[in-house]
Amino acid sequence: MSELIAQTGRFEHFHAFITHALSFCNEVTTLSGLDSDKTHCFNIIRAGIFPSASELLALNNLADDIQSALDRCQDAIDKSLHHGLSTVLEMRKHLLRVYRDMIFSVRAPIRKLPLEILINIFELACSSHVGLNSLSRNRRGVVPVATLVLSHICSRWRNLVVSVPALWSCFEFDYTQLGHLDSESLIHLFLERSRSHILDFALHNCARWRSVVIDGPALSLNSSENQHSMRGFSTNPRCSSRRTQSALLDTVLPLLFASQRTFPELRDLQVSSIESSPLSTMRFLGFSPSFSITCPKLRSLVLHNLDTIDFRFTQPCPAVEYVALRGISATCASQILMSSLNVRDIILNVTRVGRACEWKPHTFHCARMLEIQTLDKGMWPMLDSFTMPALTHLRFISPMHMELPSALATSLVSLLTRSRAFLTHLTLHSICFRTSREILQLLHLLPTLTYLDYKPDIKQGEWCLKPLLRCLTPPLLRTEFDCANEAFAEVVQDGGDEQCSLELLLPNLQELVLTFWLETHPLLVNFLRLRKSSGGLQKLQVHLWIRRHYRQWNQEHSFATSLSASAKFQGFKGDDGLDVFVHNV
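If you use my numbering, the sequence shown corresponds to residues 1318 to 1902, in order.
Given below as structure tokens:
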């Protein structure tokens, strides 16, 4: 195309056509005789070349003429009283805008960019994250992936996109969004043009896995060539189709992660199922498939609802930094963690904690965040076995009401005592304290804590909040706290370390996040009044639960109570230097 344009004087025909069209629009009142064949002009635009200095000057002058014609056309429309003439003028204005846009496209500065810069821009648009190169659907229908869009702009861009394997090596396909498109052909097109470049891809809701993994051309996902170039793999069943789940179990895992498979470049692995899938029912059949893989460069591992799968590494993975294990067996979780020597962030929600699971003593020297989403009694030995000297963030998030057992409190204290970590962030959700002993023992070990997020179980309310606030009150003012809050449930005083009870707990606390019932807000108001003497607290976030019958039958009363509570909290701002944020839940 470029050679053809060069032989014909490049932009001469383009300039001549638009000049003729402009003069035609200026001289006639009807557009029926105007030549509508703009194929040659579009070919020039799609060629992707940039005009020379003299050609650019001529095009700029022509653009000025078109703008003048547009202004005259708009003036004529404003003054016209004849409907038929106005219609013709509107059509003329539309054509003038088309010609103007043609010129703008031809002289666009992006045409002058060197290929190296264009490649960098394209890689940011297509290869920086799988979600950017995603085939999805909007209200107008299916939207092609970014790589395909760029390849359809002009011939210069198409040749560039096809010649860069990196633009085809990062993609995400959701089979529920593909519609009538030939999804297998699309996947194989990307695999073929990636040319053994490092692959990052995600395939979701794929009910035809076998045709993708096995029955396709030589360059399939299961080939050793792609196996050795795979850097990131993710599959997430966003729909509850049993066909999709069966395909995941029967085809994907056995083939991609067959025994002794090696993935030398794999950095990110995410495999998820759903709770109602065939995977969750296989525990009753006594079937537990096992997969052992080698991936020395793996950095992130996410396994979700694979509690019947025995997943393990054939060798230690020193590069792993992030591990999220939800809905898997405790035995599998233990094996994975033992192989993750330098893991930094750990999220655990294990199932089927049985007698066979033994948490072996281990020190995670680099672990900085531990989040436990289940408090099954089988998890307590884990806290007694692990040591995390670098731990700074600890999160306990129970999905339902759970009173903190003494054994678990002891295990938690054991972990913190043994680790001697400088914990700065603590989150406790749906965990209940009914006595002061465990609270005192726990908070005494956290002198460096700066952030506390406490959300009691919704059924407990003041029973959980009052013991915590009392322990955080300065020791000499706790009697005053008790007197001010006699209307609320009493705290069970079960003794505890006398030294702990005489210390100001959490002296470095800067941010406090609390969730509780609206009617118990006086507890927090009294606490803030007494705690402010110790200073340090800089930010308070309050999430107020409003009871349903208040919302339905006493909306005005609940609204007024909420405003009153918010005003009381806001009263601690100003001279106290406390930022207060109140939210209704």
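Idealized CB from N, CA, C, for every residue including glycine.
**Study point:** Cross-strand partners of F1904 (DSSP beta bridge)
**Key:** Because the chain is modelled from 1318 through 1902, residue 1904 falls outside the range shown and cannot be assessed.
Review point. V1479 by DSSP, collapsed to three states: which one?
Key: helix
Review point. From what residue to what residue does the alpha helix (DSSP H) around E1755 run?
Key: Its alpha helix (DSSP H) spans residues R1754 to H1761.
Exercise for review: Count the other C-beta atoms from every protein chain shown that fall within 10 angstroms of the C-beta of D1381, then say buried if there are 16 or more, exposed otherwise.
Suggested key: Exposed, since its Cβ has fewer than 16 Cβ neighbours within 10 Å.
Check your understanding: If we call anything under 8 angstroms between Cβ atoms a contact, is F1713 one with I1748?
Key -> I1748 sits close to F1713, with the two beta carbons spaced by under 8 angstroms.
Review point. Among W1862, N1802 and S1589, which residue has its Cα nearest to the Cα of H1621?
Key: Of W1862, N1802 and S1589, the residue nearest in Cα terms is S1589.
Practice item. Would you check if the distance between the CB atom of I1645 and the CB atom of L1623 is smaller than 8 angstroms? Key: yes
Review point. Rounded to whole angstroms, how far is the Cβ of I1610 from the Cβ of F1580, which I believe are closer than 8 angstroms?
Key: Contact between I1610 and F1580 holds, since their C-beta atoms are separated by about 6 angstroms, short of 8 angstroms.
Check your understanding: Between the C-alpha atoms of A1884 and L1785, what's the straight-line distance to the nearest angstrom?
Key -> 23 angstroms
Point to revise | Nonlocal neighbours in the same chain, by C-beta distance under 8 angstroms from E1820, ignoring five residues either side | key: H1761 and P1792
Review point. From L1729, E1509, A1738 and L1700, pick the residue whose C-alpha is nearest to that of L1708; which is it?
Key: Looking at L1729, E1509, A1738 and L1700, the one whose alpha-carbon comes closest to that of L1708 is A1738.
Check your understanding: If we ignore side chains and look at the alpha-carbon of each, how far apart do H1860 and L1831 end up?
Key -> 6 angstroms
Point to revise | Q1587: first and last residue of the uninterrupted beta strand (DSSP E) it sits in | key: First-last of the beta strand (DSSP E) with Q1587: D1585 to S1589.
Check your understanding: How many angstroms separate the CA atom of L1823 from the CA atom of V1619?
Key -> Whole-angstrom Cα-Cα distance: 34 angstroms.
Practice item. Taking W1834 as the reference, give the member of S1851, K1856, K1396 and C1781 with the closest Cα. Key: C1781
Review point. Where does M1696 fall in DSSP's three states?
Key: helix
Point to revise | Neighbourhood of L1847 by C-beta, 7 angstroms cutoff - its chain only, sequence neighbours within 5 removed | key: T1790, P1791, L1794, E1797 and F1798
Practice item. Over the uninterrupted beta strand (DSSP E) stretch that includes R1548, give me the two end residues. Key: Per DSSP, R1548 belongs to the beta strand (DSSP E) from M1547 to T1552.
Review point. Would you report the Cα separation of F1681 and P1706, rounded to the nearest angstrom?
Key: A direct Cα-Cα distance of roughly 7 angstroms separates F1681 from P1706.
**Study point:** Distance CB(L1725)-CB(L1733) smaller than 8 angstroms
**Key:** no
Practice item. Tell me whether R1417 is buried or exposed, calling it buried when 16 or more other Cβ atoms sit within 10 Å of its Cβ. Key: buried
Practice item. Verify whether the separation of the beta carbon atoms of S1480 and H1514 is less than 8 angstroms. Key: no
Review point. Smallest Cα separation from P1462: which of L1477, A1442, W1474 and N1476?
Key: The sequence as given places Val at residue 1462; Pro does not occur at that position. Distance check between V1462 and each of L1477, A1442, W1474 and N1476 places A1442 closest, using alpha-carbon atoms only.
Review point. If we count the other Cβ atoms within 10 Å of its Cβ and call it buried at 16 or more, is I1663 buried or exposed?
Key: Buried.
**Study point:** Cross-strand partners of L1743 (DSSP beta bridge)
**Key:** L1711 and L1769
Exercise for review: Could you tell me if K1772 is buried or exposed, where buried requires 16 or more neighbouring beta carbons within 10 angstroms of its beta carbon?
Suggested key: buried
Check your understanding: What are the boundary residues of the beta strand (DSSP E) that includes F1798?
Key -> Residue range R1795 to A1801 is occupied by the alpha helix (DSSP H) that includes F1798, with no beta strand (DSSP E) assigned at that position.
Review point. How many Å lie between C1390 and T1404 at the Cα?
Key: 11 angstroms
Practice item. Please list, in chain order, all residues of the same chain as V1899 whose beta carbon is under 6 angstroms from its beta carbon, the five residues on each side excluded. Key: Cβ-Cβ distances below 6 angstroms link V1899 to V1859, S1883 and F1886 in the same chain, with the five nearest sequence neighbours on each side left out; the list follows chain order.
Check your understanding: Which residues in the same chain have their Cβ closer than 6 angstroms to the Cβ of F1889, if we skip the five residues on either side of it in sequence?
Key -> By the criterion of a C-beta distance shorter than 6 angstroms, F1889 is surrounded in its chain by L1845 and L1895, once the five residues flanking it on both sides are discounted.
Point to revise | Neighbourhood of T1767 by C-beta, 8 angstroms cutoff - its chain only, sequence neighbours within 5 removed | key: T1741, H1742, N1825, L1826, Q1827 and E1828
Review point. If we call anything under 8 angstroms between Cβ atoms a contact, is L1759 one with L1729?
Key: yes
Point to revise | Closest Cα partner of A1801 within the set T1765, L1769, V1842 and A1641 | key: V1842
Review point. For the alpha helix (DSSP H) that contains V1842, what are its first and last residues?
Key: H1838 to R1848
**Study point:** Spatially closest choice to R1616 from P1426, T1631 and A1641, by CA coordinates
**Key:** A1641
**Study point:** Residues bridged to K1856 (per DSSP)
**Key:** E1828 and D1896
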